[in-house]
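**Student:**
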Amino acid sequence: MTTSHLPNLTGVPETMLWTLHNRASEAARADGVIRDPLALRIHRTLDYDYERAFGPADYSHGVRSAIFDAELRAFLAAHPDGIIVNLGEGLETQRFRLDSERSLWLSVDLPEAIAIRERFITADARHLHLAMSALDTRWIDRVPPGRAVYVTAQGLLMYFDPEAVAGLLREMAARLPGAWFAFDHIPGWLSRRTLRGWWKTPHYRTPEMPWGIARHRVAPTLRGWVPDLAEIRALDFVAPRGAARPLSWLVARLPLVRRMLPGITRVRFAGG
1031 MTTSHLPNLT GVPETMLWTL HNRASEAARA DGVIRDPLAL RIHRTLDYDY ERAFGPADYS
1091 HGVRSAIFDA ELRAFLAAHP DGIIVNLGEG LETQRFRLDS ERSLWLSVDL PEAIAIRERF
1151 ITADARHLHL AMSALDTRWI DRVPPGRAVY VTAQGLLMYF DPEAVAGLLR EMAARLPGAW
1211 FAFDHIPGWL SRRTLRGWWK TPHYRTPEMP WGIARHRVAP TLRGWVPDLA EIRALDFVAP
1271 RGAARPLSWL VARLPLVRRM LPGITRVRFA GG
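So for the sequence shown, the numbering used here puts the first residue at 1031; every next one is plus one.
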């Protein structure tokens, strides 16, 4: 197998390797929640010491991908010619797990991230790569009108200031009426930890994550930003196996504990 060397990735773009590490490790398990041969190949090909940087892999990002997969699978079943926009996609290989013959996929990420992505994943007429920040909302200009749209942001919004998140949602609400948007979020205590300087391992300091929010504050906060949202729904995150599985069901139903955990939320914009 040919080894692919990386440029000196730092900051938020480097986090694509963190998520790849966890997702590929989950996909490698016989009882894993996702099957992702391409992620495994990319993981093995890149010349990067994942465990030195991020520590032992866990199931978190594999489960997150499975949740987003389920959302998009249902969307494509209802809208086979739908448009999927993945913001901050990095090395996510979702389209290979879910693609339909009529859908259009837009992958939006920073230029250095797109450059790494294109070593392994080729853009084409139905799978576009847009090298720009998710906050550069010119990407919306590339969304054709008249088709159902689902936008995702996995592991992205926490790296923005709250004002930037609010601005992005308002812009999407105004320009993508009727679209769905799913994103994950972290609690405030974890955000504050990163702002103080969180060394995940002795060799890797996570980028700052300015936007943190308790789960019970998500809906009122989003309503404050976009009052006419048609839907706000929390998506359950459940451990895939072992003793943690029943425990995660229990913990998620204890309000004081639940609000301290990361979460995934789906909204639908009005109109359309």
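Glycine is no exception: its CB is placed at the ideal position from the N, C-alpha and C atoms.
(1) Does the Cβ of E1193 have 16 or more other Cβ atoms within 10 Å, making it buried, or fewer, making it exposed?
(2) Name, in chain order, the residues that DSSP records as bridge partners for R1288.
(3) Tell me the start and end of each unbroken alpha helix (DSSP H) in the stretch 1127 to 1184 that is at least 4 residues and wholly inside, in chain order.
(4) Measuring straight from C-alpha to C-alpha, what distance separates P1310 and L1291?
(5) Less than 8 Å separating the beta-carbons of W1169 and L1121?
(6) Taking the straight line between their C-alpha atoms, what separation do you get for D1166 and R1283?
(7) On the criterion of 16 or more Cβ atoms from any shown chain inside 10 Å, does P1217 qualify as buried, or is it exposed?
(8) Using a Cβ-Cβ distance under 8 Å, would L1047 count as near chain D?
(9) Hey, could you find the ends of the beta strand (DSSP E) L1206 is sitting in?
(10) Can you give me the Cβ contacts of G1092 inside the same chain, cut-off strictly under 7 Å, excluding the 5 residues immediately before and after it?
(11) Would you kindly report the start and end of the unbroken beta strand (DSSP E) that includes W1219?
(12) Going by DSSP in three states, R1103 sits in which element: helix, strand or coil?
(13) Which stretch, first to last residue, makes up the alpha helix (DSSP H) that contains V1042?
(14) For V1173, which option in R1289, L1252, N1116 has the closest C-alpha, if you only look at C-alpha atoms?
(15) Identify, in the order they occur along the chain, each residue of the same chain with its Cβ nearer than 8 Å to the Cβ of R1263, setting aside the five sequence neighbours on each side.
(16) What does R1298 pair with, by DSSP beta-bridge criteria?
(17) Identify, in the order they occur along the chain, each residue of the same chain with its Cβ nearer than 6 Å to the Cβ of R1071, setting aside the five sequence neighbours on each side.
(18) Rounding to the nearest angstrom, what Cα-Cα distance links H1157 and Q1124 in this structure?
**Tutor:** Based on what the coordinates show:
(1) Exposure of E1193 is indicated by the presence of fewer than 16 other C-beta atoms within 10 angstroms of its C-beta.
(2) Residue pairing by DSSP places R1288 opposite no residue, since no beta bridge is assigned to it.
(3) 1141 to 1147, all fully within the stretch 1127 to 1184.
(4) Nothing can be reported for residue 1310, as the shown portion of the chain is limited to 1031 through 1302.
(5) For the pair W1169 and L1121, the CB atoms are not nearer than the 8 Å cut-off.
(6) Between D1166 and R1283, the C-alpha separation is close to 37 Å.
(7) Result: buried.
(8) The structure shown has no chain D; it contains just one protein chain.
(9) Going by DSSP, L1206 is part of no beta strand (DSSP E) at all; its letter is neither H nor E.
(10) Cβ within range, chain order: N1052, R1053, E1056, A1057, G1062, V1063, I1064.
(11) Where W1219 is concerned, there is no enclosing beta strand (DSSP E), although the alpha helix (DSSP H) it sits in stretches over 1218 to 1226.
(12) Helix at R1103.
(13) Unbroken alpha helix (DSSP H) run through V1042: 1041 to 1057.
(14) Comparing Cα-Cα distances from V1173 to each of R1289, L1252, N1116, the minimum goes to N1116.
(15) T1295, R1296, V1297, listed in sequence order.
(16) Answer by DSSP bridge pairing, in chain order: W1210, E1261.
(17) Excluding residues within five positions, none has a Cβ falling inside 6 Å.
(18) If you take the alpha carbons of H1157 and Q1124, they lie about 11 Å apart.
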